[in-house]
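Asks: Numbering that gives the first Met the number 0 puts the first residue of the sequence shown at 0, with every later residue one more than the last.
Note that CB positions come from ideal geometry on N, CA and C, so glycine has one too.
Here it is: the structure, laid out below.
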Amino acid sequence: MGMFDYFYPDPPIECHHPECRGLLRDWQGKYAGNCLFQWHQGRIAPIDQVASEDCKLDRARLHEIRLPINAIIIAGWGSCDQCGSYAQFLIECSTDAEGCWKNTRILANISPASQIAEGCAAV
Ligand SMILES: [Zn+2]
Numbered sequence: 000m001g002m003f004d005y006f007y008p009d010p011p012i013e014c015h016h017p018e019c020r021g022l023l024r025d026w027q028g029k030y031a032g033n034c035l036f037q038w039h040q041g042r043i044a045p046i047d048q049v050a051s052e053d054c055k056l057d058r059a060r061l062h063e064i065r066l067p068i069n070a071i072i073i074a075g076w077g078s079c080d081q082c083g084s085y086a087q088f089l090i091e092c093s094t095d096a097e098g099c100w101k102n103t104r105i106l107a108n109i110s111p112a113s114q115i116a117e118g119c120a121a122v
């Protein structure tokens, strides 16, 4: 299906290019949801859904959506809002007992393709 959700770490992660002051946005992560929800670290529900208005869940439904509890969701392909380059690393988004995304950890030197594929297969 190629579906995923977007993850926005807070604070945002800076672009790895030394000359660039951009921030890495639109991290793509897979878990059981994968409906193009936009998750902001520290918020219990998605802040929005990347879909046309007629395909989106209504606000009330959207506010009821949760991430899995005590889970680690791997996300990759964060892209810089200034230079447009993609992150060379993955992040781990971990949720608490209520499904709220509380922590983000950077994973170094891992191939995004293989990690995303594994994360998907594990669901
Ligand atoms: Zn950049």
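1. Would you grab the beta carbon distance between Ala86 and Trp76 for me? Rounded to a whole angstrom, and I think it's under 8 Å.
2. If contacts are defined as beta-carbon pairs under 8 Å, then Cys92 and Ile72 qualify, I think. What distance do you get, rounded to the angstrom?
3. Residues in the same chain with beta-carbon distance under 6 Å from Met2, minus the five sequence neighbours each way, listed in chain order, please.
4. Compute the Euclidean distance between the alpha carbons of Gln81 and Arg58, then round it to the nearest angstrom.
5. Output needed for Gly21: all residues of its chain with C-beta closer than 8 Å, excluding positions within five of it in sequence on either side, in chain order.
Replies: On the basis of the supplied data:
1. 7 Å
2. 5 Å
3. Asn33
4. 31 Å
5. Glu13, Cys14, Cys79, Asp80, Gln81 and Cys82
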